[in-house]
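See below for the structure under consideration.
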């Protein structure tokens with residue numbers, strides 16, 4: 010198959026073409042279903058014969074919606090999906106990111122802010138975890154990887170379509186806007202003097218919070234930590250030097266989610 | 010360089026040879042330093058010229074200990090390290106895993122039990138997180154990936170050498186032994202009726218606990234959940250269907266670590 014649609018889709022494996030077309034590839038049934046059901050602009054679906062029978066309902070719904078469905082060989086799918094074990098289903102989607110201002114207008118209580126996170130798998134996992142923890146948005150700032158990178162989309166397991174994602178933000182401006190919207194900005198920093206275990210930190214996490222996460226190898230440099238209201242460490246009880254970024258983000262985001270819910274229960278009791 | 014030592018090291022990229030020699034490859038300065046300082050049997054060190062000058066102290070200490078240091082080209086290192094960006098330093102180490110019985114004799118308060126975790130990166134990240142959370146052991150059970158797989162060693166970031174690791178355990182036997190040693194066995198299960206948020210669950214996590222984690226794609230099947238004292242979910246507040254295994258494990262292990270520490274503080278207050 011050498012159709013113009015396939016040629017166009019193939020180009021979207023490269024960031025420059027994604028930026029130009031404002032479109033990207035979402036691979037696997039989870040991502041395709043999330044894209045379709047969450048209202049993303051799906052312009053084409055590529056499917057292998059085995060995947061078409063395995064995901065008959067989803068493929069049928071997409072075809073019924075008037076979206077062109079192209080049956081391709083396993084080899085073509087391998088090339089488009091750029092993964093070792095593609096699941097045979099891949100959608101061309103329009104960009105879904107949104108500007109920060111309207112997101113903040115909805116007064117989110119929890120936001121994840123990625124500062125120079127370079128590994129797409131890590132960024133996608135944090136996006137998925139932020140979704141699970143009930144975050145109102147994820148902001149990809151400064152030199153953070155493109156959220157539409159295939160590995161990031163895959164690691165997000167559909168979450169890219171579930172909650173507002175802000176792409177290409179400038180960190181300093183994002184911090185100012187978040188603070189303006191009433192969020193405390195907390196920098197996740199393994200070297201911070203206080204940790205998630207400190208009762209004061211827990212109390213403050215009950216307030217609307219934006220967690221800032223840094224690069225997987227070197228964390229947040231002092232000049233970025235200085236932008237935050239407070240640096241906080243995940244406590245290390247063993248001999249590990251640090252946590253993996255996605256693991257640290259999970260502990261931090263869930264600490265906030267829990268602190269905010271406990272606070273809400275206390276408030277209800279008072280009323 | 011085509012020395013017998015290099016040839017022997019090259020073989021250790023394959024599991025069958027690792028099992029036969031009871032030796033494996035630890036790549037990168039973090040893993041090499043942990044192996045050397047934590048008392049693992051290091052029999053050879055391979056190093057590139059740039060890495061030798063970058064990690065002069067570590068290489069010097071290893072040479073001073075009478076361990077043969079072999080300088081190799083970047084190409085040879087690439088092949089041994091099996092990673093996209095090797096850090097130029099690689100040690101041949103003897104196996105470090107230990108039997109379960111003596112580990113349980115030390116009465117650990119927190120254990121991670123991996124049941125059929127297939128992705129080496131996930132397994133290594135859980136090992137690193139368990140170390141950070143202060144776990145007393147990590148048990149690799151049933152069809153779980155080999156802890157000496159290069160990707161697992163790398164993802165563990167030295168933690169493989171920090172805490173007791175039990176390899177090749179049978180899940181049913183491990184659960185019996187853990188329970189015998191006074192640990193409650195809790196299965197991490199996204200479909201469980203109760204979650205980490207339930208006050209009863211939090212109270213119970215203050216007791217010595219072994220967390221059972223299942224396969225990254227399909228979790229724990231009912232027959233394995235049935236082995237545990239209780240299944241517990243990480244609560245999902247957003248639209249994500251589930252969490253990534255390593256993220257879920259981080260939230261669970263830190264929930265235990267915190268519950269046990271809060272409990273210890275309450276006990277001290279009472280005394």
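Chains as they are written, first to last, in my numbering: chain A, 10 to 280; chain B, 10 to 280. We put the beta carbon where it would ideally sit given N, CA and C, even for glycine. In this text the structure is predicted, and so the values were computed from the model without any measurement.
Legend entry - Against chain A: residues of the segment 148–166 of chain B by CB proximity under 8 angstroms: 164, 166
Legend entry - Close beta carbons around residue 157 (chain B), own chain, < 6 angstroms, minus the five adjacent residues each side: For the purposes of this step, residue 157 (chain B) is taken as residue 148 along the second chain, with counting starting at 1. Taken in chain order, the residues that qualify are 27, 33.
Inset, instruction - Pull up the distance between the alpha-carbon of residue 101 (chain B) and that of residue 154 (chain B), whole angstroms please. - result: Numbered from its first residue, the second chain carries residue 101 (chain B) at position 92. Numbered from its first residue, the second chain carries residue 154 (chain B) at position 145. Taking the straight line from one Cα to the other gives about 20 angstroms.
Legend entry - Any 3 or more C-beta pairs closer than 8 angstroms across the segment 107–120 of chain B and the segment 216–226 of chain A: no
Legend entry - CA-to-CA distance, residue 64 (chain B) to residue 238 (chain B), given in whole angstroms: Taking the second chain and counting its residues from 1, the one referred to as residue 238 (chain B) is at position 229. Taking the second chain and counting its residues from 1, the one referred to as residue 64 (chain B) is at position 55. Roughly 48 angstroms separates the two Cα atoms.
Inset, instruction - Closer than 9 angstroms, Cβ to Cβ, to anything on chain A: give me those residues from the segment 75–87 of chain B, in chain order. - result: none
Legend entry - Where residue 29 (chain A) falls, given that 16 or more other Cβ within 10 Å makes a residue buried: Position 20 of the first chain, counting from 1, holds the residue named residue 29 (chain A). Residue 29 (chain A) is exposed by the Cβ-count criterion.
Legend entry - At least three beta-carbon pairs within less than 8 angstroms, the segment 162–174 of chain A to the segment 188–205 of chain A: no
Inset, instruction - State the Cα-Cα distance for the pair residue 88 (chain A) and residue 99 (chain A), rounded to the nearest angstrom. - result: Taking the first residue of the first chain as 1, we reach residue 88 (chain A) at position 79. Taking the first residue of the first chain as 1, we reach residue 99 (chain A) at position 90. Their backbone Cα atoms lie some 11 angstroms apart in a straight line.
Legend entry - For residue 181 (chain A), the nearest candidate out of A:130, A:150, A:244 (CA to CA): Counted from its first residue, the first chain places residue 181 (chain A) at position 172. When only C-alpha atoms are compared, the closest one is A:150.
Inset, instruction - Could you tell me which of A:49, A:20, A:140 sits nearest to residue 247 (chain B), measuring between CA atoms? - result: Translated into positions along the second chain, residue 247 (chain B) becomes position 238. Checking every option, the nearest Cα to that of residue 247 (chain B) belongs to A:140.
Inset, instruction - Kindly list the residues whose CB is nearer than 6 angstroms to the CB of residue 174 (chain A), restricted to its own chain and excluding five residues on each side of it in sequence; keep chain order. - result: Along the first chain, read from residue 1 onward, the residue named residue 174 (chain A) stands at position 165. 106, 147, 156, listed in sequence order.
Legend entry - In chain order, each beta strand (DSSP E) run of at least 3 residues that lies wholly inside the segment 237–280 of chain B: 239–241
Inset, instruction - State the CB to CB distance for the pair residue 223 (chain B) and residue 124 (chain B), rounded to an integer number of angstroms; the pair is presumed to be in contact (CB under 8 angstroms). - result: As a first step, residue 223 (chain B) must be located in the second chain, where it is residue number 214. As a first step, residue 124 (chain B) must be located in the second chain, where it is residue number 115. The Cβ separation is near 5 angstroms, so the contact holds.
Inset, instruction - Could you name the residues that DSSP lists as bridge partners for residue 79 (chain A)? - result: Taking the first residue of the first chain as 1, we reach residue 79 (chain A) at position 70. DSSP, once it has assigned bridges, lists A:55 as partnering residue 79 (chain A).
Legend entry - residue 40 (chain B) - DSSP class collapsed to helix/strand/coil: Taking the first residue of the second chain as position 1, residue 40 (chain B) is located at position 31. Correct three-state label for residue 40 (chain B): helix.
Legend entry - Beta bridge counterpart(s) of residue 124 (chain B) as assigned by DSSP: Position 115 of the second chain, counting from 1, holds the residue named residue 124 (chain B). DSSP lists B:150 as partners of residue 124 (chain B).
Legend entry - Close Cβ partners of residue 215 (chain B) (< 6 angstroms) along its chain, the five nearest in sequence each way excluded: Residue 215 (chain B) sits at position 206 when you count from the first residue of the second chain. Result list for residue 215 (chain B): 268, 269, 272, in chain order.
Legend entry - Alpha-carbon spacing of residue 134 (chain A) relative to residue 128 (chain A), whole angstroms: For the purposes of this step, residue 134 (chain A) is taken as residue 125 along the first chain, with counting starting at 1. For the purposes of this step, residue 128 (chain A) is taken as residue 119 along the first chain, with counting starting at 1. Straight-line Cα distance between these residues: approximately 10 angstroms.
Legend entry - Host beta strand (DSSP E) of residue 101 (chain A) (start-end): The residue you call residue 101 (chain A) lines up with position 92 of the first chain. Taken as a continuous stretch (DSSP letters only), the beta strand (DSSP E) holding residue 101 (chain A) covers 98–103.
Legend entry - As assigned by DSSP and simplified to three states, the class of residue 193 (chain B): Mapped onto the second chain, residue 193 (chain B) falls at position 184. Note: residue 193 (chain B) maps to strand in three-state DSSP.
Legend entry - CB contact flag (residue 262 (chain A), residue 144 (chain A), <9 angstroms): Along the first chain, read from residue 1 onward, the residue named residue 262 (chain A) stands at position 253. Along the first chain, read from residue 1 onward, the residue named residue 144 (chain A) stands at position 135. Contact: yes.
Legend entry - residue 90 (chain A) versus residue 265 (chain B) - alpha carbon distance: Residue mapping note: residue 90 (chain A) aligns to position 81 of the first chain, counting from 1. Residue mapping note: residue 265 (chain B) aligns to position 256 of the second chain, counting from 1. Residue 90 (chain A) and residue 265 (chain B): Cα-Cα distance of roughly 39 angstroms.
Inset, instruction - For the beta strand (DSSP E) containing residue 176 (chain B), list its first residue and its last residue. - result: Reading the second chain from its first residue, position 167 is the one you call residue 176 (chain B). 174–178 is the extent of the beta strand (DSSP E) around residue 176 (chain B).
Inset, instruction - Please say whether residue 169 (chain B) and residue 43 (chain B) have beta carbons closer to each other than 9 angstroms? - result: Counting from 1 along the second chain, the entry for residue 43 (chain B) is found at position 34. Counting from 1 along the second chain, the entry for residue 169 (chain B) is found at position 160. Yes; because the gap between Cβ atoms is below 9 angstroms, this pair is in contact.
Legend entry - With 16 other Cβ atoms within 10 Å as the buried cut-off, status of residue 2 (chain B): Outside the shown range of chain B, which is 10 to 280, sits residue 2 (chain B), and nothing can be said about it.
Inset, instruction - Using DSSP bridges, identify the partner residues of residue 220 (chain B). - result: Counting from 1 along the second chain, the entry for residue 220 (chain B) is found at position 211. BP columns for residue 220 (chain B) point to B:121, B:195.
Inset, instruction - With DSSP as the reference, label residue 35 (chain B) as helix, strand or coil. - result: For the purposes of this step, residue 35 (chain B) is identified with residue 26 of the second chain, where counting begins at 1. Reduced to three states, the DSSP call for residue 35 (chain B) is strand.
Inset, instruction - Taking 9 angstroms as the cut-off, decide whether the C-beta atoms of residue 104 (chain B) and residue 18 (chain B) are in contact. - result: Translated into positions along the second chain, residue 104 (chain B) becomes position 95. Translated into positions along the second chain, residue 18 (chain B) becomes position 9. It is not a contact, given that the beta carbons lie outside the stated cut-off.
Legend entry - C-alpha gap between residue 259 (chain A) and residue 12 (chain A), whole angstroms: Counting from 1 along the first chain, the entry for residue 259 (chain A) is found at position 250. Counting from 1 along the first chain, the entry for residue 12 (chain A) is found at position 3. Going from the Cα of residue 259 (chain A) to the Cα of residue 12 (chain A) covers about 43 angstroms.
Legend entry - Simplified DSSP assignment, three categories, for residue 204 (chain A): As a working note, residue 204 (chain A) is residue 195 in the first chain. Three-state DSSP puts residue 204 (chain A) in a strand.
Legend entry - residue 114 (chain B) versus B:96, B:160, B:188, residue with shortest Cα-Cα distance: Taking the second chain and counting its residues from 1, the one referred to as residue 114 (chain B) is at position 105. Ranking the options by Cα distance to residue 114 (chain B), first place goes to B:188.
Inset, instruction - Residues of the segment 125–142 of chain B with a CB closer than 7 angstroms to any CB of chain A: list them in chain order, please. - result: 134, 137, 138, 140, 141, 142
Inset, instruction - Check whether the Cβ atoms of residue 58 (chain A) and residue 78 (chain A) sit closer than 9 angstroms, and answer yes or no. - result: Along the first chain, read from residue 1 onward, the residue named residue 58 (chain A) stands at position 49. Along the first chain, read from residue 1 onward, the residue named residue 78 (chain A) stands at position 69. It is not a contact, given that the beta carbons lie outside the stated cut-off.
Legend entry - Cα-Cα separation, residue 253 (chain A) to residue 231 (chain A): Here residue 253 (chain A) refers to the residue found at position 244 of the first chain. Here residue 231 (chain A) refers to the residue found at position 222 of the first chain. If you take the alpha carbons of residue 253 (chain A) and residue 231 (chain A), they lie about 19 angstroms apart.
Inset, instruction - State yes or no: is the beta carbon of residue 206 (chain A) nearer than 9 angstroms to at least one beta carbon in chain B? - result: Mapped onto the first chain, residue 206 (chain A) falls at position 197. So, interface residue.
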